[in-house]
Structures are given as C-alpha cells and as structure tokens.
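The structure under discussion appears below in the form of structure tokens.
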Amino acid sequence: MDSSESPTYGEQEGSAYNGHFGCTCYHPLFVFNQLGDVERCALRFGNVHSANDWRAVLEPVVARYRGTVKRLYFRGDAAFANPEVYEFLEAEDMGYTIRLPANRVLQDKIGYLLKRPVGRPPHEMRRYFASFSYQAQSWKKSRRVVAKVEWHPGELYARVGFVVTNLTRPAERVVTFYNQRGTAEQWIKEGKGAIKWTRLSCRTFAANAVRLQLHALAYNLGNFMRTLAMPKAAEPWSLTSLREKLVKIGAKVVSHGRYVTFHMRRWRCRGSCSPTSCC
Numbered sequence: 016m017d018s019s020e021s022p023t024y025g026e027q028e029g030s031a032y033n034g035h036f037g038c039t040c041y042h043p044l045f046v047f048n049q050l051g052d053v054e055r056c057a058l059r060f061g062n063v064h065s066a067n068d069w070r071a072v073l074e075p076v077v078a079r080y081r082g083t084v085k086r087l088y089f090r091g092d093a094a095f096a097n098p099e100v101y102e103f104l105e106a107e108d109m110g111y112t113i114r115l116p117a118n119r120v121l122q123d124k125i126g127y128l129l130k131r132p133v134g135r136p137p138h139e140m141r142r143y144f145a146s147f148s149y150q151a152q153s154w155k156k157s158r159r160v161v162a163k164v165e166w167h168p169g170e171l172y173a174r175v176g177f178v179v180t181n182l183t184r185p186a187e188r189v190v191t192f193y194n195q196r197g198t199a200e201q202w203i204k205e206g207k208g209a210i211k212w213t214r215l216s217c218r219t220f221a222a223n224a225v226r227l228q229l230h231a232l233a234y235n236l237g238n239f240m241r242t243l244a245m246p247k248a249a250e251p252w253s254l255t256s257l258r259e260k261l262v263k264i265g266a267k268v269v270s271h272g273r274y275v276t277f278h279m280r281r282w283r284c285r286g287s288c289s290p291t292s293c294c
C-alpha cells in the first residue's frame, strides 16, 4: 500500500496544498499485489494524511482473498505505522512489515551498533541487523521490531531503519522482504508515465474519482498483457515500452469504397521469439 500525488490546476473540487509533495494536488491511495496489479485505489483530497481511509481501501481487498489463499502479506511505509493497522492485520492473520519512525527508545535498544567501529574507517559499507521486542505507549502489546544499521564510507553517522513485523523469519530476511515495497513506487511511476493517471482535469471530485478508476483499469489491462500474454522477451518491458512498441505502431490507412487497409511496418522483438509469437 502506498500513496501518491496527482497535481491539480485551477479551482478543482477537493484539491489542496500538500506540504509533503510541495504542490496543490489530489492524494490517491493504491494497493498493489506482488505482480504489480492495482488491487484497489481511491482518490482523496490533497491535504489528507498518507494513511487516511486505509481501512476502506484495504479491507475489501482482504475480504476478496479471504479463504482462497494460504496467507496474505502486507508492506507499508512509516505512514501506516499505526496500532489500528497492526491490530487489523493481526486479526486477519496477515504477515506484515511496516516501517517504524525512529525515536530515542528504539535507538537506545541498538546503542551498541551505533558506536563507530574502532580503527580506520572501512572502505566498504558495513551492515548490521538486530531484533528486539518493543511496546509503544499507544500499543496494547509488545511487538517485534527489526533494525538495520549501515555504516557507509565517508559518512560520520550510521544510517538506521526500523521495521515492525509479526514475521518470525531472521532479521535480514525481514528487511529484504520489506525492501520489496519499493517496487510499488516504480509501479506508481509507470502509472504516471505510461497511463497518465495523474491527468484528472475534471472540475468535480466525483468525476475525477471515476477517471482514476478508468486509468487503473487501463493500467491493469496493460500489466495483464505484459505478464500473461507477451513472450518471455517482453517480460522486462515497462508499460511505456509496451505502449510505444506494440500499441502505438505507426500505420498508413488506405480507404476504399468497400474496405479499409492498414499498411503497418513489420515488427519483431529483438529477442529469440518468432514473429508469429510477437505479432
């Protein structure tokens, strides 16, 4: 789950200035699956918090898969570090990894890793992991927190990150699983670049909400084509490449009295696939 911004112009209903993005915008919320498909999205006013209306967006997705898959997993950034989110995920028996904002108590837990190593600074990056139990004042129970500490050459202080989780796997694997959340930002970037789902130019908020759903449908159709219908050579393509190489192919239209002819350039991937499997 991740949020994004859709810049607005003029007096559009629901648009507002968002200090995080530094622009006047809408603030949509997206839920992706591991294949990059949009499971659900919602348009929101520009000045709402990143996790606002998370339940209304996430709960229908969880209900759709309830009883059909062995276990669901959730990844989210620090905006979703909320005890209500944890309790909902735990009630649904979902595994989760959510970025946790740093504070003094968390840093004291790993104080032994924040001391500069003795001797000359290393020329390579050094990474350390820690796992411990932690309970914030707003939590009803303690939960597992995994910390990652990185010492980079030429930097005076370590880079520290915390993840709250209910997974039992080793700390390094928990961080690796959480880091895959970054692919959602890439999918949002594809939606902006290839599908242009930030073009919400209607005056009313309801009309723009419908336009976002249509853009999400177009995105999913493109992603279905890329992941299910295209040959192996096209798997690493972005949606922009798919649109430019397959959908937007230049052609000459010749119209006659009884038929219309399209003269199209013969196209073929540069991979090992045959022309019949690509065209």
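In terms of my numbering, the sequence shown is residues 16 to 294.
C-beta atoms are modelled at their ideal positions from N, C-alpha and C, and glycine is treated no differently.
- Secondary structure of residue 83 (DSSP, three-state): coil.
- Three or more beta-carbon pairs separated by less than 8 Å are not found between the segment 124 to 140 and the segment 45 to 55, which leaves the two stretches without contact.
- The three-state reading of DSSP puts residue 256 in helix, counting H, G and I together.
- With contacts defined by Cβ atoms closer than 8 Å, residue 58 and residue 224 form a contacting pair.
- In this chain, residue 200 is not harboured by any beta strand (DSSP E); it is covered by the alpha helix (DSSP H) spanning 197 to 205.
- A distance below 6 Å between beta-carbons, with the five flanking residues on each side excluded, links residue 182 to the following residues of its chain, in chain order: 110 and 189.
- Here residue 241 is buried: its Cβ has 16 or more other Cβ atoms, across all protein chains shown, within 10 Å.
- For residue 115, the uninterrupted beta strand (DSSP E) segment begins and ends at 110 to 115.
- The beta carbons of residue 61 and residue 25 sit no closer together than 8 Å.
- One Cα belongs to residue 41, the other to residue 103, and the distance between them is close to 27 Å.
- Ranked by how close their Cα comes to the Cα of residue 63, the residues 18, 156 and 75 have 18 in first place.
- Per DSSP, residue 242 is not a residue of any alpha helix (DSSP H), being assigned neither H nor E.
- In this structure residue 180 is buried. Its beta-carbon is surrounded by 16 or more other beta-carbon atoms within 10 angstroms.
- Note on residue 246: under 16 other CB atoms within 10 angstroms of its CB, so exposed under the neighbour-count rule.
- Here residue 226 has 215 as same chain residues with Cβ atoms under 6 Å from its own Cβ, once five neighbours each way along the sequence are excluded.
- Spanning the alpha carbons of residue 205 and residue 211 requires a straight line of approximately 9 Å.
- Residue 17 sits in a strand when the DSSP states are folded into three classes.
- The alpha carbon of residue 94 has as its nearest neighbour, out of 21, 34, 115 and 85, the alpha carbon of 115.
- In summary, residue 268 is exposed, with fewer than 16 beta-carbon neighbours lying within 10 Å of its beta-carbon over all protein chains present.
- When rounded, the separation of the alpha-carbon atoms in residue 106 and residue 256 is 41 Å.
- When only Cα atoms are considered, residue 243 and residue 159 end up about 38 Å apart.
- Leaving aside the five residues that flank residue 164 on each side, the residues in its chain whose CB is nearer than 6 Å to its CB run, in chain order, 128, 143, 173 and 175.
- The C-alpha of residue 79 is placed about 43 Å away from the C-alpha of residue 126.
- Residue 48 and residue 192 have their C-alpha atoms some 14 Å from each other.
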